[in-house]
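Taking it in order: structure first as structure tokens, then the write-up.
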Amino acid sequence: MQPTVHNTKKSTCETLKDFIVLVGNIVLAFLQSTYRCIIPKSKKSLKDEIVLITGAGRGLGKELALKFAEQEAFVVLWDINEKSVLGVESEIRERGGSARAYTCDVSNENHVKHVGKLVQDEVGDVTILVNNAGIFHNVFFTDLDCDKIRRTIEVNLLAHFWMNKFFLPKMLEMEKGHIVAISSIAGLLGWLYMSDYSASKFAMRGMMEAIEEEIRILGKGNKIFFTTVCPLTLDNGLNQNPTTRCPLLLPIVKVKDAA
């Protein structure tokens, strides 16, 4: 059946309307960004906040933990490596900060629930959650081992589901909270030799956007906040020779600077 002239005109009008709305939103976002560059928001006080960071035993997670502790937050450190996470706990305490370390495999749903309950009982309710734990394999796609692909998805994506599902309900109950997801530039662009990593970061970014919209519809978008961070290539010690295709435009960033 051929579309009628009336339906065609209606479709064209709706398309034009959507386009105008899109352009309006882009202009508004640009104006807001420009305004904030001139008049930045006042810094949020982190005193007495309970901040949980996954992958806190080294790299970016460790540097974030040190920064949060400097701002007088109580930092809950999670890492699969007990020795490294206990080392970060000691370093924070030596600097006069407050921290508590836990060993947890965030890719394991039951382990997340168990250790999460320990945190609630021993420390209190988490108000800021930083999902930072991640892994990658610098391998050509056809050489990727299937077990490594599964592990990448488990740590870089499924762990975010388990963490958010455990801690978000309490944030909703308290009407207070902030969830931060550490993604990557590889979550914005398909990255060479990191097909599994890029896929996990793209998916995680989509999950965060979807949850944020659901919370907004609940009417709590001004109570619970979501931030997805997409750093450039990091010199975090996981890759012995980090490289970038465009060093001038996309430089390799030290984890201290990223934090």
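Just so you know, we're using my numbering here: the sequence shown kicks off at 35 and counts up by one.
Using N, Cα and C, we set each Cβ at its ideal position, and we do this for glycine too.
{"Check": "Strand pairing of I84, partner residues [DSSP]", "Outcome": "F108"}
{"Check": "7 Å Cβ cutoff met for F102 and V110", "Outcome": "no"}
{"Check": "Beta-carbon proximity check, V189 vs S141, cutoff 7 Å", "Outcome": "yes"}
{"Check": "Backbone secondary structure at I170 - three-state DSSP", "Outcome": "First, the residue type needs correcting, since residue 170 is Phe and not Ile in the sequence shown. Coil, per DSSP."}
{"Check": "Straight-line Cα distance separating D52 from V4", "Outcome": "This structure gives no information on residue 4, because the portion of the chain shown stretches from 35 to 293."}
{"Check": "C-beta atoms of V146 and F64 nearer than 7 Å", "Outcome": "no"}
{"Check": "Nearest-angstrom Cα separation, counted from C180 out to M228", "Outcome": "14 Å"}
{"Check": "Distance, Y231 Cα to T186 Cα", "Outcome": "7 Å"}
{"Check": "Cross-strand partners of H212 (DSSP beta bridge)", "Outcome": "I162 and F259"}
{"Check": "Secondary structure of A237, DSSP reduced to three states", "Outcome": "helix"}
{"Check": "Pairwise C-alpha distance: G211 and F259", "Outcome": "6 Å"}
{"Check": "Reference R239, options E248, N256, I54 and A215, closest by Cα", "Outcome": "A215"}
{"Check": "Run of the beta strand (DSSP E) containing S79, from where it starts to where it stops", "Outcome": "S79 -> no beta strand (DSSP E), and no H or E assigned at all."}
{"Check": "Cβ-based burial, V119 [other Cβ within 10 Å; buried from 16]", "Outcome": "buried"}
{"Check": "Alpha helix (DSSP H) segment containing S218, residue limits", "Outcome": "Unbroken run through S218: none, as it is neither H nor E."}
{"Check": "Nearest-angstrom beta carbon gap, V149 and V160 [assumed within contact, 8 Å]", "Outcome": "Actually they are not in contact, since the Cβ atoms of V160 and V149 sit about 12 Å apart, beyond 8 Å."}
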